[in-house]
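If you're matching positions, the sequence shown starts at -5 in the numbering used here and goes up one per residue.
Written out below as structure tokens is the structure these notes cover.
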Amino acid sequence: MVASDKTGAVPAPAVPTAGRAALLTLLAMLAFAANSILCRLALTQTATDPAGFTLVRIASGAASLWLIARATGHAKAGAGNWRGAAALLAYAAAFSFAYLTMTAGTGALLLFGAVQATMILVGLYRGERLVPLQWGGLALALGGLALLLAPGLSAPDPLGALLMVVAGAAWGIYSLLGRASRDPIATTAGNFLRAAPMAAVLALLAGPLSGGGLRWDQGGLVYAVLSGALASGVGYSIWYAALPALTAARAASVQLSVPVITALVAVLALGERITPVLAVSSVAVLGGIALVILGKSRRG
């Protein structure tokens, strides 16, 4: 999702056919999962540091989205806003630093669990009420997260886990800000453009604070550009093309496939293992959130 802006009305997006919507949705979920894989590849197999990865990802995403917006007639001066850009940067930076110490599958589960949890909690704060099925789902999801984070051989690094939860919360806030957007491609492009100089400042500050400077190499740059230009820029554009054919509940629930896709691809691309704890936690977290979404759908 995207943060809102105050641009004028735009024509309603075309609703894709069922088959096209399914294909677009699958491609978008693969793109979202690719962000975790590409970040882990850059941080574990190249000399690139998290701040450098974030900067290149945001900058290449801004360039990609600007080109897409121009090509599709969505380019608008002033689209996006600084609140959205700040939430976007908080997500991207915390995401990158978190992946220094955790596997792709665990990180994706924490990320998307935190995204949905943030949106559910904000809804409760705003007066939404849950039915018993939803409360049961929320309890199941929280239990799954507790199992994943419980001290033990398979528990992720506490700081890394905290950073990924922060990333998910930031993305949840970004999504909530974007509900009023009339032109998500233009707004997302504007937010990425605003976030790029902020990412540059972060990168300049992060080097001295961590005791070193920015570090890149050819492989790391390639992974970061792929993450920004393709997995983020093109991926978000594909997702927005699919959204008109999806109900809100279906759009939320289909995103729960991303941690599963990420874990499976990580086995092949990164040699990671799907531990019993991760498997059980995934079923509990994703199943619990699905119950919350299903309950909301039934009430609506």
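Each residue gets a CB set at the ideal place from its N, CA and C atoms; glycine is no exception.
When the options are compared against residue i, the one with the closest alpha-carbon
| i | options | result |
| --- | --- | --- |
| Ala53 | Ala111, Gly222, Pro44 and Leu153 | Gly222 |
| Ala295 | Pro10, Ser226, Ala45 and Val259 | Here the chain comprises residues numbered -5 to 294, so residue 295 is not present and cannot be evaluated. |
| Thr97 | Ala80, Leu272, Leu198 and Ala236 | Leu272 |
| Glu112 | Gly99, Leu132, Asn29 and Ala263 | The sequence shown places Thr at residue 112, not Glu. Cα-wise, what sits closest to Thr112 is Leu132. |
| Thr42 | Trp210, Leu171 and Ser58 | Trp210 |
| Ile283 | Val261, Ala260, Ala140 and Ala246 | Ala246 |
| Pro253 | Val116, Ser276, Leu124 and Glu122 | Ser276 |
| Val159 | Thr40, Phe186, Leu105 and Val116 | Leu105 |
| Leu59 | Tyr230, Leu156, Cys33 and Ile31 | Tyr230 |
| Ser169 | Ala144, Val125 and Ala108 | Ala108 |
| Gly117 | Ile167, Leu250 and Ala235 | Ile167 |
| Leu224 | Ala16, Ala15, Asn29 and Arg14 | Asn29 |
| Ala155 | Trp165, Leu143 and Tyr234 | Leu143 |
| Ala243 | Cys33, Phe186, Leu157 and Ile114 | Ile114 |
| Tyr234 | Ala140, Arg173 and Leu136 | Arg173 |
| Ile287 | Trp129, Arg64, Gly121 and Trp165 | Trp129 |
Any non-hydrogen atom of the ligand ADP closer than 7 Å to residue i Cβ
| i | result |
| --- | --- |
| Thr269 | Only the bare structure without any ligand can be found here, which leaves the ligand ADP out of the picture. |
Whole-angstrom C-beta distance between residue j and residue i, which should lie under 8 Å
| i | j | result |
| --- | --- | --- |
| Ala161 | Ala102 | With a Cβ gap of about 11 Å, Ala161 and Ala102 do not count as contacting. |
| Thr181 | Gly72 | Not a contact, Cβ separation roughly 10 Å. |
| Ala193 | Leu83 | 6 Å |
| Leu94 | Pro152 | About 13 Å; that fails the 8 Å criterion. |
| Leu134 | Ala257 | The pair is not a contact, with the Cβ atoms about 19 Å apart (cut-off 8 Å). |
| Leu127 | Gly289 | 4 Å |
| Ala92 | Ala236 | That belief does not hold up - the Cβ atoms of Ala92 and Ala236 are roughly 27 Å apart, past 8 Å. |
| Leu141 | Val248 | Their Cβ separation, rounded to whole angstroms, is 24 Å, which puts Leu141 and Val248 out of contact at 8 Å. |
Buried or exposed (CB count within 10 angstroms, at least 16 for buried), residue i
| i | result |
| --- | --- |
| Glu266 | buried |
| Val228 | buried |
| Val110 | In the sequence as displayed, the identity of residue 110 is Gln instead of Val. Under this definition Gln110 is a buried residue. |
| Gly294 | Residue confidence is low: Gly294 scores 49 on pLDDT, short of 50, so the model does not pin down where it sits. Its coordinate-derived value is still stated next. The residue in question, Gly294, is exposed, as its Cβ has fewer than 16 Cβ neighbours within 10 Å. |
| Thr241 | exposed |
| Ala200 | buried |
| Arg123 | exposed |
| Gly138 | buried |
| Val285 | The question names Val, yet the displayed sequence has Leu at residue 285. Buried, by the Cβ-count rule. |
| Val259 | buried |
| Leu280 | buried |
| Leu32 | buried |
| Leu250 | buried |
Same chain, Cβ closer than 6 Å to residue i, five either side skipped, listed in chain order
| i | result |
| --- | --- |
| Ala190 | Ile52, Ala53 and Ala56 |
| Pro150 | Met96 and Thr100 |
| Thr48 | Ala86, Ala87, Ser90 and Ala193 |
| Thr40 | Asp211, Gly213 and Gly214 |
| Leu187 | Ala56 |
| Ala164 | Ala81, Ala84 and Tyr85 |
Beta-carbon proximity list for residue i, same chain, < 8 Å, skipping 5 on both sides
| i | result |
| --- | --- |
| Thr38 | Leu264 |
| His68 | Val4, Ile62, Asp177, Ile179, Ala180 and Ala183 |
| Thr1 | With a pLDDT of 43 at Thr1, under the threshold of 50, the predicted position of this residue should be treated as unreliable, and no value is reported. |
| Ala12 | Ala239 |
| Ile232 | Leu18, Leu21, Ala22 and Ala25 |
| Gly46 | Ala197, Leu208, Arg209, Trp210, Gly214 and Ala218 |
Beta-carbon proximity list for residue i, same chain, < 7 Å, skipping 5 on both sides
| i | result |
| --- | --- |
| Val50 | Leu215, Ala218, Val219 and Gly222 |
| Ile255 | Met23, Leu24 and Ala27 |
| Thr66 | Ile179 |
| Leu157 | Ala88, Phe91 and Ala92 |
Q. Can you list, in chain order, the stretches of the alpha helix (DSSP H) that have 4 or more residues and sit fully within the stretch 107 to 155?
A. Complete alpha helix (DSSP H) runs here, min 4: 126 to 143.
Q | Continuous alpha helix (DSSP H) assignments of at least 4 residues falling wholly in the stretch 217 to 247 | A | Taken in chain order, the unbroken stretches of alpha helix (DSSP H) that lie wholly in the stretch 217 to 247 and span 4 residues or more are 229 to 236.
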